[in-house]
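Per my numbering, residue 1295 is the first one in the sequence shown, and the count goes up by one each step. Using N, Cα and C, we set each Cβ at its ideal position, and we do this for glycine too. Reading through the structure tokens given below for one structure.
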Amino acid sequence: MLPSPAMTDGLWRLDATAQAALVRRGDVSPPELAEAAIERIDRLNPRLNAVITSLYELGRAQAAQPAAGPFRGVPLLLKDAGVEVAGTPMYLGTRMLRDLDYRSPSTDEMGRRLTEAGFTFLGKTNIPPLSAGATTEPPAFGPSRNPWALDRTVGGSSGGSAAAVAAGLVSMAHGADATGSLRFPASACGVLTLNPTGAAVPCTTPADQPNEGHVWRAFVLARSVRDLARALDALADVEALDPAPGVLPRLRIGLMADLPGTPAPAEPDCRQAVEVAGEAIEGLGHRVEEAHPPLPDFLRALRAAFPHIVGPARLAQRRWLEDVAGRAVTDDDVEPGFLAAAALGERVTAEQTRAANEAVQHALAPVLAWWDRVDVLVTPVMRRVPWLLGEDAGAAHVGGFVQFSSFSRQPSMSLPLHWTAEGLPVGVQLVGARRRDRTLLALAGELEQACPWAHRWPAIAPEG
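Next up, the structure:
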């Protein structure tokens, strides 16, 4: 039996922690939560294109079973990469896997942990092909649309997940990040995320891509800091992280509003977002100063090394696709540029890839040494506010602030602390020292109180 409207009205406004508390108290059942979310997905997703595969029958079966876990009964959407659940479609944003109707043969460690946490899986979310790109506009599935402005990007690659959380389809969604794929969409859609310390949370890479240095990481997108903190407790290896500070000490905070040596300066709203964050953090009693970490040298080294890293990664993906399909991959199967990158990978030797990774780590050494000066670095997430769909922003014109922490295995966050005059969200990145994820979350919790965002919803959300 479906729940009555009076029983479920307003559930979409609650964060995952509050929804789980209702289940524990018996005020709402997991099937009622699931049906309320399904009804909302069916009503709003045609306008957003955030969800590309429904898993309603799986979710209903999960909701009907006795379960434990801190998020028992809470609906969750899964990114179509970075997690595998046996028997569910996994298309990785590609025409080839969609046409094959490829299914995950087994459940991976992340899938097991999400299940043990008590979540109800309701669908898979849209991504760019093979999770490559700063926007989510795959030819195979069409663009996801930003709930704050339907003609704008949701970012990439966890774009469908971010849009779903922003519009209140679900309170939490799974995502994965290599060089911005959690943080870009969180910034573009006005939600928050944590990219955890490298290797703290398990992550399956798309199409057997190598994960040298644990650059690929998986986590969730949400609307509250407490949801991220509880998810970290449920999903991370405890020994990989420092314990939460009992009382957060006053921290040394570095502000970096722009980055020399990048193809384009940060737009004014992106710089203003950092200023807003700095003023709020200083008001909380932390020591704030302008910061100049040696990132330009690292970015130059990364650009030089990237072909020797990306080429072999694309080659591994091509071979995986060929194994799955039982035939050669053609230009009709994948997106422009993929086969050229894979062909480059055939010419790159293992020694060249090893040397490229070593060069990147060598360039990181001065950055990590500089880190002794601060506890947290605050930067923009992207150098642009969400741009129009169909516009070729190019990752090189969007990134710059996020890559170093991916390669250094440091934790980072995106927080929704600023909105443009047109009402577009602009995220701020917090970067901490390795293992200090909970220190970042504690600071984010203070900012959540000082600059609350829970009351902000895109116009499309109440319409659902």
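With fewer than 16 other Cβ atoms inside 10 Å of its own Cβ, residue 1743 counts as exposed. Residues 1385, 1387, 1388, 1389, 1392 and 1423 of the same chain have their beta carbon placed closer than 8 Å to that of residue 1434, with the five preceding and five following residues left out of the count. With a threshold of 16 other beta carbon atoms within 10 Å, residue 1558 falls short and is exposed.
Pairing residue 1748 with residue 1516, the inter-Cα distance amounts to about 11 Å. When the Cα atoms are used, residue 1454 and residue 1418 turn out to be separated by approximately 9 Å.
Contact between residue 1476 and residue 1416 is absent: CB atoms are separated by about 20 Å, not below the 8 Å threshold.
Close CB contacts of residue 1653 within its chain, under the 6 Å cut and outside five residues either way in sequence, are with 1595 and 1599 (chain order). Residue 1532 counts as exposed, since fewer than 16 other beta carbons sit within 10 angstroms of its beta carbon. Taking residue 1400 as the centre and dropping the five residues before and after it, the same chain places the C-beta of 1378 and 1380 closer than 7 Å to its C-beta, in chain order. Of the residues 1626, 1592 and 1602, the one whose Cα lies closest to the Cα of residue 1660 is 1592. Counting only runs of at least 4 residues, the segment 1471 to 1500 fully encloses the following alpha helix (DSSP H) elements, listed from N- to C-terminal order: 1477 to 1483. Per the DSSP secondary-structure output, residue 1440 pairs in a beta bridge with 1443.
The straight-line gap separating the alpha-carbon atoms of residue 1522 and residue 1485 is approximately 11 Å. Pairing residue 1494 with residue 1712, the inter-Cα distance amounts to about 29 Å. Comparing alpha carbon positions, the residue from 1438, 1720 and 1576 closest to residue 1560 is 1720. One thing to note: residue 1461 has its Cβ within 7 Å of the Cβ of residue 1441. In this structure, residue 1752 lies away from residue 1446, with their beta-carbon atoms at least 7 Å apart. Taking residue 1568 as reference, the option from 1745, 1370, 1664 and 1394 with the minimal CA-CA separation is 1745. A distance below 8 Å between beta-carbons, with the five flanking residues on each side excluded, links residue 1574 to the following residues of its chain, in chain order: 1711, 1741, 1744 and 1745. Around the C-beta of residue 1682, fewer than 16 other C-beta atoms lie within 10 Å, and the residue is accordingly described as exposed.
Boundaries around residue 1673 are those of the beta strand (DSSP E), 1670 to 1674, since no alpha helix (DSSP H) includes it. Taking C-beta atoms under 8 Å as the contact rule, residue 1678 and residue 1564 qualify, at a distance of about 7 Å. Ranked by Cα distance from residue 1692, the first of 1473, 1398, 1402 and 1374 is 1473. Rounded to whole angstroms, the Cβ separation of residue 1731 and residue 1705 is 4 Å, and the two are in contact under 8 Å. Its Cα nearest to that of residue 1371, the residue 1457 stands out among 1428, 1457, 1318 and 1303. In this structure, the CA atom of residue 1601 is about 43 Å from the CA atom of residue 1351. Note that the C-beta distance between residue 1471 and residue 1511 is below 7 Å. Residue 1483 holds the alpha-carbon nearest to the alpha-carbon of residue 1709 among 1452, 1548, 1483 and 1382. Taking 7 Å as the cut-off, the Cβ atoms of residue 1736 and residue 1542 count as close. Put simply, of 1404, 1365, 1729 and 1396 the residue whose alpha carbon is nearest the alpha carbon of residue 1465 is 1365. When rounded, the separation of the alpha-carbon atoms in residue 1663 and residue 1757 is 50 Å.
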